[in-house]
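Enquirer: In this note's numbering, the protein residues as written are 144 to 438.
Backbone N, C-alpha and C define an ideal beta-carbon position, used for all residues, glycine too.
It should be emphasised that the depicted structure is a prediction, and the values quoted were computed from it without experimental measurement.
1) Does the region 347-359 come close enough to the region 377-396 to have 3 or more Cβ pairs within less than 8 Å?
2) Within the same chain, show all residues whose beta-carbon is closer than 8 Å to that of residue 250, passing over the 5 residues directly before and after it, in chain order.
3) Identify which residue in 161, 274, 244, 276 has its Cα closest to the Cα of residue 444.
4) Measure from the alpha carbon of residue 223 to the alpha carbon of each residue in 191, 164, 364, 257, then state which is nearest.
5) What is the residue span of the beta strand (DSSP E) that residue 161 lies within?
6) Please report the Cβ distance between residue 237 and residue 187, rounded to the nearest whole angstrom; I am assuming they are in contact, meaning their Cβ atoms lie under 8 Å.
7) Does the region 165-184 come close enough to the region 211-229 that 3 or more CB-CB pairs lie under 8 Å?
8) Tell me where the alpha helix (DSSP H) around residue 395 begins and ends.
9) Does any residue of chain C bring its CB to less than 8 Å from the CB of residue 389?
10) So residue 216 is in the alpha helix (DSSP H); what residue range does that whole segment cover?
11) How many angstroms separate the CA atom of residue 432 from the CA atom of residue 274?
12) Of all the options 281, 361, 164, 371, which has the alpha carbon lying nearest to the alpha carbon of residue 182?
13) Assuming contact is defined by CB atoms lying nearer than 8 Å, are residue 491 and residue 254 in contact in what I supplied?
14) Which one of 180, 189, 193 has the shortest CA to CA distance from residue 208?
15) Which ranges does the alpha helix (DSSP H) cover as unbroken runs of at least 4 residues, wholly within the region 163-217, from first to last along the chain?
16) Using the beta-carbon count (16 or more within 10 Å), is residue 216 buried or exposed?
17) Is the region 402-418 touching the region 352-369 in the sense that three or more CB pairs, one from each, lie closer than 8 Å?
18) DSSP on residue 419, reduced to helix/strand/coil?
19) Report, in whole angstroms, the separation of the C-beta atoms of residue 344 and residue 390, which I expect to be a contact under 8 Å.
20) Could you give the distance in angstroms between the alpha-carbon of residue 325 and the alpha-carbon of residue 403?
21) Using the C-alpha atoms, what's the distance from residue 315 back to residue 437?
22) With the cut-off set at 8 Å, would you say residue 264 and residue 355 are in Cβ contact?
23) Is the CB-CB distance between residue 185 and residue 202 below 8 Å?
24) Roughly how many angstroms separate the alpha carbons of residue 419 and residue 266, rounded to a whole number?
25) May I ask you to list the residues that DSSP assigns as paired with residue 264?
26) What separation, rounded to the nearest whole angstrom, lies between the Cα atoms of residue 271 and residue 322?
27) Taking all protein chains shown into account, decide if residue 423 is buried (16 or more other Cβ within 10 angstroms of its Cβ) or exposed.
Written out as structure tokens, the structure reads:
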């Protein structure tokens, strides 16, 4: 039996058996043996439950996959309204996804990724250190600013300028050091959309919508160049644009408050979350070094 797309030479593959709807086959009639699926569709067991572990927890067999049809006799599923659907028993080789050492197609020229995690730049990374808040200011959570708002309680912070009273500022992402013009990569498979403008804090950016382990994940890549940003379907490791200094970044670099960086923001089912759980690497919160994990 042939592999699913891009699974040649991979390890840790799992052979799964189950039922696939006839719409996945040419003229709704599979042939015995190897077939190529025509769409992405749910993979079901004998009790019609979705086999959720399939394809990184998506429960689907991707379009264009090679599947081994074990019988051309249909298994009939009767819906509650009386509609009858034909399914066929198949075998599917489900292999690890992403750019990592378990993948026979591992590419050292692309960032590390797997089913659930990915990186926006190649190799080891560095959290952007803020002049006021240090490394912590480039991580998700509270950083600090000089400006006071009525009713706020400040916090005394000791830095290069001595002990100063500063005020909290919520930072909803991770800032990763780059150089202007560096390629920015999709962290996951998904659909990319160009957005933003130079007049808003985020500048020009790309929003990527992905399905990861049954959740809708939106990843945002801020402060990009306007030119050569990508829209449409992308794969993890594809270049989706290039680092710029758009939005508020150009002025902050000029003031010396931050280095050039891409700001990564993640929303999980509509809720902003800490991106560190989606980074394919280990973050040292003291030094800011992110060691890429390609295993």
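Expert: Put simply:
1) Contact holds: three or more Cβ-Cβ distances are below 8 Å.
2) As a position in the chain shown, residue 250 is number 107, starting the count at 1. Answer for residue 250: 242, 380, listed in chain order.
3) Given that the chain is displayed from residue 144 to residue 438, the structure contains no residue 444 and the question cannot be resolved.
4) Against the chain shown, residue 223 aligns to sequence position 80. The shortest C-alpha to C-alpha distance from residue 223 to any of 191, 164, 364, 257 is the one to 191.
5) Indexing the chain shown from 1 puts residue 161 at position 18. Element bounds for residue 161: 157-164.
6) The sequence position of residue 237 within the chain shown is 94, counting from 1. The sequence position of residue 187 within the chain shown is 44, counting from 1. Beta-carbon to beta-carbon, residue 237 and residue 187 are separated by about 14 Å, too far to satisfy the 8 Å threshold.
7) Pairwise C-beta distances place the region 211-229 in contact with the region 165-184, as three or more of them are shorter than 8 Å.
8) For the purposes of this step, residue 395 is taken as the residue at position 252 of the chain shown. Run containing residue 395: 392-398, per the alpha helix (DSSP H) assignment.
9) Reference to chain C is not applicable here, since this structure consists of a single protein chain.
10) The residue labelled residue 216 in the question sits at position 73 within the chain shown. No alpha helix (DSSP H) contains residue 216, which DSSP labels as neither H nor E.
11) As a position in the chain shown, residue 432 is number 289, starting the count at 1. As a position in the chain shown, residue 274 is number 131, starting the count at 1. Rounded to the nearest angstrom, the two C-alpha atoms are 17 Å apart.
12) Translated into positions along the chain shown, residue 182 becomes position 39. Between residue 182 and the set 281, 361, 164, 371, the nearest pair of CA atoms involves 164.
13) Here the chain comprises residues numbered 144 to 438, so residue 491 is not present and cannot be evaluated.
14) Walking along the chain shown from the start, residue 208 turns up at place 65. Relative to the Cα of residue 208, the nearest Cα in the group 180, 189, 193 belongs to 180.
15) Whole alpha helix (DSSP H) segments, 4+ residues: 197-200.
16) Numbered from 1 along the chain shown, position 73 holds the residue referred to as residue 216. Exposed is the call here.
17) The region 352-369 vs the region 402-418: in contact.
18) The sequence position of residue 419 within the chain shown is 276, counting from 1. Residue 419 falls in the helix class under three-state DSSP.
19) Taking the first residue of the chain shown as position 1, residue 344 is located at position 201. Taking the first residue of the chain shown as position 1, residue 390 is located at position 247. Between residue 390 and residue 344 the Cβ distance is about 5 Å, and since that is below 8 Å, they are a contact.
20) Sequence index remark: in the chain shown, residue 325 carries index 182 (1-based). Sequence index remark: in the chain shown, residue 403 carries index 260 (1-based). Going from the Cα of residue 325 to the Cα of residue 403 covers about 10 Å.
21) As a position in the chain shown, residue 437 is number 294, starting the count at 1. As a position in the chain shown, residue 315 is number 172, starting the count at 1. It is roughly 26 Å from the alpha-carbon of residue 437 to the alpha-carbon of residue 315.
22) Stepping through the chain shown from its first residue, residue 264 is reached at position 121. Stepping through the chain shown from its first residue, residue 355 is reached at position 212. In this structure, residue 355 does not lie closer than 8 Å to residue 264 by Cβ.
23) As a working note, residue 185 is residue 42 in the chain shown. As a working note, residue 202 is residue 59 in the chain shown. Taking 8 Å as the cut-off, the beta carbon of residue 185 is found closer than this to the beta carbon of residue 202.
24) Along the chain shown, one-based indexing puts residue 419 at 276. Along the chain shown, one-based indexing puts residue 266 at 123. For residue 419 and residue 266, the distance between alpha carbons rounds to 16 Å.
25) Residue mapping note: residue 264 aligns to position 121 of the chain shown, counting from 1. The partner list for residue 264 (beta bridge, DSSP) is empty, contrary to what the question assumes.
26) Taking the first residue of the chain shown as position 1, residue 271 is located at position 128. Taking the first residue of the chain shown as position 1, residue 322 is located at position 179. One C-alpha to the other measures close to 11 Å.
27) Translated into the one-based positions of the chain shown, residue 423 becomes position 280. A residue is called buried once 16 or more other Cβ atoms fall within 10 Å of its Cβ, and residue 423 is buried on that count.
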